[in-house]
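Peer 1: Have a look at this one before I ask anything.
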Amino acid sequence: MTPARWTVTRARIQAAAAASQPSEVAVPVPTLRLRDLNAQPLRPERDYVLYWMTAFRRTGWNFSLQRAVEHARALGRPLVVFEALRAGYPWASDRFHAFVIEGMREHAARLAGTPVCYLPYLEPAPGDGRGLLEALAGRAAVVVTDDFPAFFLRRMAAAAAARLDVRLEAVDANGLLPLRATGRSFPTAFAFRAFVQKHLREHLEQFPEADPIGTGGALAPASPALLPPQLASRWPSAPLDPSPGALARLPIDHRVPVVRETPGGTVAGAHALAAFLDGRLSRYKDERNQPELDVASGLSPYLHFGHVSVHQVFDALMTREGWTTRRLAPKGGGQREGWWGASPAAESFLDELITWREVGFHTCEYLPEDYDKYESLPGWARATLDRHADDPRAHVYSLAQFERAETHDPLWNAAQGQLVREGRIHNYLRMLWGKKILEWSASPREALDVMIALNNKYALDGRDPNSYSGIFWVLGRYDRPWAPERPIFGVVRYMSSENTARKVRVKEYVRRYAPEARPTGLFDSR
DNA sequence: ATCGGCTCGCGCAA
DNA sequence: TGCGCGAAGCCGAT
């Protein structure tokens, strides 16, 4: 693994390490990223350190794994990695299962030759995995898990914390900026960008190890004999097989099919990253909003499931840029360009990767109202939408009609067709997709429900803080009022297919994604 | 084609 | 306290 040339401090640490010891040093995980979920003690007399991998599904660039390795070395205990995929989680389908299973297979292969014991668990039926974590934790000196601020993961971790008799530590490997570095949410990307420009520098000096298991001293070897005997009856789980035949045997939603062109896993993720940086990045700034030119990075599914880390993306990008932290401008003032001191293409990508991706994580973490509730919208947006909630609508579609792409608007139907077929919508048309759902639903609250339902069900990067950023932007989050006031929208920003078609080329897009084959699995028409 | 105005709230300079 | 600025808006003037 090449060292990150761009980090001055990191290079210094590595040079010092090379001078004293030929082997590498392990830099500790920043305490700002650590959180105790219960008041239970470390139990050093027990058999192993347990890493419960739930969100950061990767073996490198992972502060959580790195923290577990730290514990294992400090206690002289082996490391057990437990990665589970439940059958009964909301929206579980062939699409998401295939993606995650691909990563689990890689982890099994990658960890096979190491001292680490990897326990993948693919739940055969809802509820079968109940009690597994508790049983494993019964012999653990400490349990480390992932701190992801959305979906059901927080609730699941909190519930586990209450049941365990040993310390459960949650680690935040979500962003370049730790969640606890801000202590608040931000009303606009501009405000968050200004914060990042003021405070990110120090966090750039604390990067996770690309290979935490191989960096630092040797780990004690784990033996299956250490595992609690009552687990034998639960193992192995359903086979780690993402083929249609194997998926068909699992009680998950088979009507949301696998997206073949976006395979899951850390290898596919790294490949997508390299292909983007080597190929499309140079055109990113000017062409990213053109729906017919596929210039986007395509990384969000991998970032969502944790197969790729934002630190890894940043490292790869900035190493290619020949960048160092010395290029950072002293002040940014919230401006979109100029602060990084990188190429214009890199700066425009960094604004997506850092500003827009991470503002959503801090929204999920700190917004006083739940990030997925209508009430979490800014006051001006709620006021204006509520005032127009009863306005007459020219078209009102049900969730099932939206899902089947049965609207009068071919461009909208194409965007929905892309979502169903590819698990994503082009970033520009996604905004239009949402704006029209607002316009064609009986109320803004129903529009919100429709957007969340469709996005969670079909988008590979759904159920992520970023998805909620996109959905809530449609309703005014991170935005400002725009005159003139109009029906349904009030002063929330309006968009139309006609103007979109005027501004960008969509003919070929409409042709490509016209949903001639309807999805077979549908929400009930009600 | 491009520009200002519409509108709110933040960061920053003063 | 005032000024500049902002994810993709529209409209009318030039």
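Quick note on numbering: my numbering labels position 412 of the first sequence as 935, and the sequence is numbered without any gaps. The C-beta atom is built at its ideal place from N, Cα and C for all residues, glycine as well.
#1: Give the range of the beta strand (DSSP E) segment to which D669 is assigned.
#2: Spatial neighbours of Q544 within its chain, please: CB distance less than 6 angstroms, with the 5 preceding and 5 following residues excluded, ordered by chain position.
#3: Of the choices A683, S990, G1013, L602, whose alpha-carbon is the least far from that of T907?
#4: Grouping DSSP H, G and I as helix and E and B as strand, with all else coil, what is E1031?
#5: Would you kindly check if the distance between the Cβ of A648 and the Cβ of S832 is under 9 angstroms?
#6: Does the segment 569-585 come close enough to the segment 598-606 that 3 or more CB-CB pairs lie under 8 angstroms?
#7: W575 lies in the beta strand (DSSP E); which residues open and close that run?
#8: Span of the beta strand (DSSP E) holding D893?
#9: Using DSSP bridges, identify the partner residues of P643.
#10: Locate the beta strand (DSSP E) running through P692, then write down its first and last residues.
#11: Return the Cβ separation of D670 and V694 in integer angstroms, given the expectation that the two are a contact with Cβ distance under 8 angstroms.
#12: Tell me which residue opens and which closes the beta strand (DSSP E) that R778 is part of.
#13: Hey, would you say A1037 sits closer than 9 angstroms to A937, going by beta carbons?
#14: Once DSSP output is grouped into helix, strand and coil, what is the label at L750?
#15: Looking at the strands, I want to know which residues DSSP matches up with S616.
#16: Which of the three DSSP states is assigned to Y1036 in this structure?
#17: Taking C-alpha atoms, which residue in G883, H726, V818, E892 lies nearest to T711?
#18: Taking DSSP as the reference, what is the three-state secondary structure of L727?
#19: Considering Cα atoms alone, identify which of V552, R757, V1029 is closest to Y951.
#20: What are the boundary residues of the beta strand (DSSP E) that includes R558?
#21: Is N989 near H827, with beta carbons less than 9 angstroms apart?
Peer 2: From the atom records:
#1: Counting from 1 along the first sequence, the entry for residue 669 is found at position 146. Counting along the chain, D669 sits inside the beta strand (DSSP E) bounded by residues 663-669.
#2: As a working note, residue 544 is residue 21 in the first sequence. Any answer about Q544 is weak, because its pLDDT of 45 lies below 50 and its placement is not dependable; what the coordinates show is given next. In its own chain, leaving out the 5 sequence neighbours on each side, no residue places its CB closer than 6 angstroms to the CB of Q544.
#3: Locating residue 907 in the first sequence gives position 384, counting from the first residue. Among A683, S990, G1013, L602, the Cα nearest to that of T907 is on G1013.
#4: Taking the first sequence and counting its residues from 1, one reaches residue 1031 at position 508. E1031: helix per DSSP, three-state reduction.
#5: Along the first sequence, one-based indexing puts residue 832 at 309. Along the first sequence, one-based indexing puts residue 648 at 125. No, the Cβ-Cβ distance between S832 and A648 is not below 9 angstroms.
#6: Three or more pairs of CB atoms, one per stretch, sit closer than 8 angstroms, so the segment 598-606 contacts the segment 569-585.
#7: Numbered from 1 along the first sequence, position 52 holds the residue referred to as residue 575. Per DSSP, the continuous beta strand (DSSP E) segment holding W575 begins and ends at 571-576.
#8: By one-based count along the first sequence, residue 893 stands at place 370. For D893, no beta strand (DSSP E) segment is defined, and its DSSP state is neither H nor E.
#9: Taking the first sequence and counting its residues from 1, one reaches residue 643 at position 120. Per DSSP, the beta-bridge partners of P643 are E606.
#10: Indexing the first sequence from 1 puts residue 692 at position 169. Here residue 692 is Glu; the residue named in the question, Pro, does not match the sequence. Looking at the DSSP string, the run of the beta strand (DSSP E) that includes E692 is 691-694.
#11: What you label residue 670 is simply residue 147 of the first sequence in a count that begins at 1. What you label residue 694 is simply residue 171 of the first sequence in a count that begins at 1. Between the beta-carbon of D670 and that of V694 there is about 6 angstroms, and that keeps the pair under the 8 angstroms contact cut.
#12: By one-based count along the first sequence, residue 778 stands at place 255. Unbroken run through R778: none, as it is neither H nor E.
#13: In the first sequence, the residue the question calls residue 1037 occupies position 514. In the first sequence, the residue the question calls residue 937 occupies position 414. Yes; because the gap between Cβ atoms is below 9 angstroms, this pair is in contact.
#14: To locate residue 750, count along the first sequence from 1; it is residue 227. Per DSSP, reduced to three states, the secondary structure at L750 is coil, with no helix or strand assignment.
#15: Working through the first sequence from its first residue, we reach residue 616 at position 93. In DSSP, S616 forms a bridge with D776.
#16: If you number the first sequence from 1, residue 1036 lands on position 513. Of the three classes helix, strand and coil, the one that applies to Y1036 here is helix, per DSSP.
#17: Numbered from its first residue, the first sequence carries residue 711 at position 188. Checking every option, the nearest Cα to that of T711 belongs to G883.
#18: The sequence position of residue 727 within the first sequence is 204, counting from 1. Residue state, collapsed to three classes: coil.
#19: The residue you call residue 951 lines up with position 428 of the first sequence. Closest option to Y951, Cα to Cα, is V1029.
#20: Sequence index remark: in the first sequence, residue 558 carries index 35 (1-based). Note, R558: beta strand (DSSP E), 557-559.
#21: Your numbering for residue 989 matches position 466 in the first sequence. Your numbering for residue 827 matches position 304 in the first sequence. Cβ distance < 9 angstroms, so N989 and H827 count as in contact.
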